[in-house]
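To keep things clear, I will list the structure first and then write my remarks on it.
Numbering (the working numbering), first residue to last: 2 to 196.
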């Protein structure tokens with residue numbers, strides 16, 4: 002007779018553990034499933050403090066303001082490493098910006114900004130710059146400088162202390178600047194890698 006209450010107790014305990022396991026699995030695949038962050042980079046400003054192509058040697062001082070917006074859809078904070086933005090001119094590196102590591106809170110959006118300062122000497126003595134300048138010499142307002150930026154954000158979200166998701170996002174922008182018009186046109190694409 003003493004055996005029957007033990008069997009009932011064990012059966013109830015086993016059923017409770019099974020129900021909790023099913024609830025945990027259902028919550029993992031629906032609510033708490035780690036998701037990759039959404040990252041958007043935007044060129045917000047272009048500043049020319051000096052643009053003189055008539056002098057010898059020509060002088061160009063330029064900086065680009067780049068905002069990187071990270072939207073975290075997870076129920077846990079997303080911790081990211083240093084955000085590096087590289088500026089290239091026809092494939093050659095001509096500037097870099099580093100924003101220190103940080104954290105985006107659960108289900109929030111955060112914008113981190115950086116300023117990329119152009120290393121003018123690396124641009125001005127390239128064959129492409131000289132060719133662009135020669136073709137637009139008599140039409141200087143249409144003189145343009147094409148750049149590429151590449152911004153990388155990598156980090157991880159930890160949900161419930163055990164569910165980890167690593168993600169990295171790379172945003173590539175094609176930027177065309179018109180120094181004399183003080184105009185900038187940009188087109189950006191984003192790729193996300195999870196794992």
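All C-beta atoms in this analysis are idealised placements derived from N, C-alpha and C, irrespective of residue type, glycine included.
Asked                                                                                                : Found
At least 3 beta-carbon pairs within less than 8 Å: the stretch 148-155 vs the stretch 75-94          : yes
Exposure label - residue 185; buried when at least 16 CB within 10 Å                                 : buried
Which listed residue (128, 44, 12) has its alpha carbon closest to that of residue 175               : 44
Residues bridged to residue 162 [DSSP beta-bridge criterion]                                         : Paired residues: none, contrary to the question.
Minimum C-alpha distance to residue 73 - residue among 63, 103, 149, 61                              : 103
Where residue 100 sits in the DSSP three-state scheme                                                : strand
Of the residues 194, 195, 189, the one placed nearest residue 69, counting alpha carbons only        : 189
First and last residue of the uninterrupted alpha helix (DSSP H) at residue 30                       : 4-30
Residue 119 to residue 50 span [Cα, whole Å]                                                         : 11 Å
Local Cβ density within 10 Å of residue 47, reported as buried at 16 or more and exposed below that  : buried
Residue(s) in a DSSP beta bridge with residue 109                                                    : Note: residue 109 sits in no beta bridge, so no partner.
Residue 139 versus residue 183: straight-line alpha-carbon distance, rounded                         : 18 Å
Cβ-based neighbour list, residue 114, same chain, cut-off 8 Å, excluding 5 preceding and 5 following : 45, 66, 67, 68, 69, 100
Pairwise C-alpha distance: residue 34 and residue 193                                                : 17 Å
Closer than 8 Å: residue 179 CB and nearest the ligand SAM heavy atom                                : Among the ligands in the structure shown, none appear at all, so the ligand SAM cannot be discussed.
Three-way DSSP call (helix, strand, coil) for residue 180 in this model                              : coil
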